[in-house]
Each structure stands twice: as C-alpha cells, then as structure tokens.
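>
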Amino acid sequence: MKTKLIITTVLIICILSTLSAQEIRSGKKSIKFNNAPELVIKNIKLVDENKDQIVDAEENCFIKLTVQNTGKSPAKTVNLETKIIGGITDALSFEKSIHVGNIAIGEKKEVQIPFSAGISLKNGVVSIQFIALETNNYDSKPTDFELKVQAKQVPLAVNWYYPVMPTTTVNEASYTIKACILSSKPVSKVSLYVNNQIVTDSRAFKLIKTNTCDYYLAQKINLQKGKNTIKIVAINSKTIVTSEIRTINYTEVAYEQRLALIIGNSEYKTAPLRNPENDAKSMANALRDLNFEVIEIINGNKEAMRKGIRDFYTQLKENRGVGLFYYAGHGIQVKGENFLVPINHDINEEYEVPDRTIRVNSVLTAMEGAGTRMNIVILDACRDNPYARSMRSGSRGLAQIYAEGSGSIIAYATAPGSTASDGAGKNGLYTQELLKAIKTPGLEIGMVFRRVLTNVKKQSSGKQLPWTNSSIEGEFYFVK
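Each residue of the sequence shown is one higher than the one before, counting from 48 in the working numbering.
As structure tokens, then:
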C-alpha cells in the first residue's frame, strides 16, 4: 500500500512540474502552477508621421508595444502575431508576425509593427489584436487595440502618364492615353476630348482604382494626320477640373520597299538535303510577316533560279529599297569562286560547274546594280559537299566574299572554308536561330547576326561559327 502511494505521489509531482503555470480546469475551479513564464502585452502606442494618433492614407507609421515576461521562468522563442479583427480592412498593410526571441524573467522587450496605408483608405476605425506566442504554448492573453484611420483629403486633379511631354510626335494612327485622376470624393463623370470633340466618357470606358491612384484611365484613341489636341475633364460633387492640354502630332511614315529572293533546294538526285526546303519556306513566311515582298523558289532548277534573279533585279531597280537574298542548299567553291547548285545539275567535272550552276557573284552584281539602299545576302550553303570532293580545286565550304559599297552585309551559316551539318530538326541550326533573331523587336541588323553567332556557337558546342562581313553605314531593323 505504501509503495502504491509513493508511486502515485511521484507521478503527480512529475505532472505538476510539466504543467508549471498552466491552468487545469475542473468544473468552475482551476489550479494554477506558478513556476512558468507569463507574457503580458502593454504600453501600446501608435507612432505616426504627423503625430495626431490617426493613420492617414499614404502615411507610413508603426505601432510600438512592450512584451514583458512576468512569470517565474524564461519565455522561449516568442513571436508577436498581429491581426485585424474588425473595422476597415482594405488598403492597410502590416507585418503579421514578428520574431521577438527569448525573454528572460522580468525582462521587457519593445516591438515595433510597421503599418502602411494605401491611397484608397477610408475613414473609420480598425480593431487590431495582438498575441505573443511562446514555443511551449505559454502564450499571452489576446490584447485588442483600436486604430483610427482617415482617407486622404485630395482635391480633384488629373495627372498625365502618357503622353509624358506636352507635345509628342508619333507615326502610327492610334495612341493609348493614360492618366491618373485624384479625388477624395467620388468622381461622377470623366470625359475625354480629342480636337475639342468628346470621343468618350466614363460610361464608355472603365475607371480603375489602384493603390496609387483614385481612378486610373487608359483609353486608345484614333488620330488624324497632323496636330491632335487631347484633354480630360473630370467632375466630382463639388468641382470640375480640366487637365493640361497634350498635343500629339501624327506623321505617316512611308515605309521603304522590302524585297526578298528566297531559294531552298533539297531534292537533289545526288546527296539530297533534309532542311533547305523547310528553311526557305520558314524564312519566306517570316519575312512576309516583316513587310517583305517575297519571290520564293523551292527546289529550283537552273532556269527557275536564273528567272528568279532577273525578276529580283527588275523589282529592286524599280523601288530601290532593301534587297535580301537567302539561299539554302548545296554550294560549291571552285578556285575561290562560289556557285549555287540547282537540283537538276549534271556535274561530273570541274570545268562544267560555271555552266551548270549559278554564280553567287551574279546575284551580288544584280543587287548592287539595282541601286538599293541596303543589300542583305544570307548563304546557308556550307554543308558537306559531295561534288567538291571530286574536283581538284574544290574546297570545303564556301569562299569568303567581301561586302562592297556602303550598304551590304554578307552572312554565312558558318565560317568560310568550313562546313555545317544539315541538321536533324525541321530547320537547320543556323536558320532556326536566324528566324528567332529577325522576329525580335529592336534588334539592329548587326545585333541580329551577333545574336545568331552567339546562339549557334553555344548550341553546337563551338563546332559551327556563323560569319558575317558588313559595309553597312546606316541602320536597319527587321522589326522595331
């Protein structure tokens, strides 16, 4: 019997030492153990910029309070949790959890909770609750605090985002104006005028509230040629305000003629190629999207290629804009001169090459003779060539060509004298990267080919190095 009593007593002591200052409730009675931490939140105070104990819209402030341990043992890993339990909840942001750390017996720790209020804050009261959480669940009692908040008193005003400057010149017939309307009171109407004619009002477009703007306006307008004056009129319950005048000058730009000759040869009887047909079709489609007129020849024999070059020259000479020649297929270098191979060739000996192929120089001569502002020549004809191997003077790849005059650029899929594989995908590696680059807005033509070089070199692990030679003095963008 004594043994059972001793065991029971020991168990009770262990339980009591574990529970410490927690309360054990039985009916209406509770027992409290006093050798545990006890956290108390006190001295809550708002610290605001204008010291009026009110949080104003767009005001940064913080709440300062003290967490004290009044218990009989240290409090471990304390975090202060903050939440809104009532009142105004919109446009207020704050730190919901702040790490306080360990608090020794009798120690006080001051905590600051940053608050910020957005511009859309309304008048009212916010009920906030604080609680200090302790790692062993010796938490403080929740402590409530009421915070007065106040909407910003802003006079009705219209601020322009776009156009930024009082006078702007554009070369497109439409323009999206953007403005911010500030008003503490509800805005009843907003009207947009172009050349003193109302084009729309707040019934026709949506005004959006944001954290930085009471009403945000974005509206696309059509411009007439020449001068266009723009203004916005806003009305609330007490005021009518007219914005500053913005002037947009619309000038049409005459785009220069862009003409491309695209040739892609795949279906050779000897050594057919997988990609040139796909490459040429992809280039033709991409260039049409970039406002090029395109002469497209797929699997061309010698006569088709010669006719394409003649038509190319005639149209270039008539319009004198930008000429682009792209060739994908087999090419041969013989005695330092480059030749493009038609699909119906019958080449057995080196001396037959000039008569049964197309000289690259004939294309360059046609382009230069047409008087174009800029000539772009792209040769993806540097594949391993079965014809060149049987010729005494035939060399790997194509020979180097220098851009002459002041407006030409010559681009090879790989460096002169080197070869590139035909590739296993839909497009060859070079054309694949070229298609990406020419579709990228804001790349000047020199940057286009530098980007292609970087990407092809990387993807081929340095085995294929595209090459360009340029004499261009002006600028050219495939797409701005």
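Where a beta carbon is used, it is the ideal one built from N, C-alpha and C, also for glycine.
Note down the Cα distance separating Ala164 from Gln197, rounded to an integer number of angstroms.
Those two C-alpha atoms are separated by around 9 Å.
> According to DSSP, Thr216 sits in a beta bridge with which residue or residues?
Partner(s): Asn296.
> Excluding the 5 residues flanking Val147 on each side, which residues of the same chain have their C-beta closer than 8 Å to its C-beta?
Contacts found: Val114, Val125, Asn126, Leu127, Lys156, Val158, Ala179.
> Count Cβ pairs between the segment 98–108 and the segment 129–136 that sit closer than 8 Å; are there 3 or more?
Judged by Cβ distances under 8 Å, the segment 98–108 makes no contact with the segment 129–136, as fewer than three pairs qualify.
> Among the residues of its own chain, which have a CB less than 8 Å from the CB of Ala139, if the five just before and after it don't count?
The amino acid at residue 139 is misidentified as Ala; the sequence shows Leu. Val102, Ile131, Phe162, Ser163, Ala164, Gly165, Leu168, Val173, Val196, listed in sequence order.
> In the DSSP assignment, the beta strand (DSSP E) including Thr223 goes from what residue to what residue?
Element bounds for Thr223: 221–229.
> How far does the beta strand (DSSP E) with Val388 in it extend, from its first residue to its last?
Taken as a continuous stretch (DSSP letters only), Val388 belongs to no beta strand (DSSP E), as it is neither H nor E.
> When we look at the beta-carbon of Ser313 and count the other beta-carbons within 10 Å, is it buried (16 or more) or exposed?
Ser313 comes out buried.
> Is it true that the CB of Pro84 sits closer than 9 Å to the CB of Tyr185?
Yes, they are a contact pair.
> Across which residues does DSSP place Phe525 in a beta bridge pair?
Answer is none; Phe525 lacks a bridge partner.
> Would you tell me roughly how many angstroms separate the C-alpha atoms of Gly418 and Arg367, rounded to the nearest one?
So the alpha carbons of these two residues sit roughly 6 Å apart.
> With DSSP collapsed to three states, give me the class of Ile409.
For the record, residue 409 in the displayed sequence is Ser; it is not Ile. Ser409: helix per DSSP, three-state reduction.
> Is it the case that the segment 340–350 contacts the segment 488–505, given that we only count it when at least three CB pairs across the two stretches are under 8 Å?
Verdict: no, contact absent.
> With a 10 Å radius around its C-beta and 16 neighbouring C-beta atoms as the bar for buried, classify Tyr398 as buried or exposed.
Answer is exposed; the Cβ neighbour count stays below 16.
> When burial is assigned at 16 or more other CB atoms within 10 Å of the CB, is Met421 buried or exposed?
Buried, by the Cβ-count rule.
> Is Glu343 helix, strand or coil when you go by DSSP?
If DSSP states are grouped into helix, strand and coil, Glu343 belongs with the strands.
> What's the call for Gly370, buried or exposed, on a 16-neighbour Cβ count within 10 Å?
Buried: at least 16 other Cβ atoms inside 10 Å.
> Does the segment 357–364 come into contact with the segment 283–293, if we say contact requires no fewer than three beta-carbon pairs (one atom in each stretch) closer than 8 Å?
Taking 8 Å as the limit for Cβ pairs, the verdict is that the segment 283–293 does not touch the segment 357–364.
> Got a sec: is the Cβ-Cβ distance from Thr259 to anything in chain D below 9 Å?
Within the model displayed, chain D is absent; a lone protein chain is all it includes.
> Using 8 Å as the cut-off, can you tell me whether the segment 321–339 makes contact with the segment 386–402, which would need three or more C-beta pairs spanning the two stretches below that distance?
Because the criterion of three Cβ pairs below 8 Å is not met, the segment 321–339 and the segment 386–402 do not touch.
> So the alpha helix (DSSP H) Asn366 belongs to, where does it begin and stop?
349–366 is the span of the alpha helix (DSSP H), which, as asked, contains Asn366.
> Residue range of the beta strand (DSSP E) that Pro513 falls in?
Per DSSP, Pro513 belongs to no beta strand (DSSP E) and is neither H nor E.
> For a test of the three-state rule: what should DSSP assign to Leu168, helix, strand or coil?
In the structure shown, Leu168 sits in coil (DSSP, three-state: anything other than H, G, I, E or B).
> Output the distance between the C-alpha atoms of Phe525 and Pro488, rounded to the nearest integer angstrom.
Taking the straight line from one Cα to the other gives about 8 Å.
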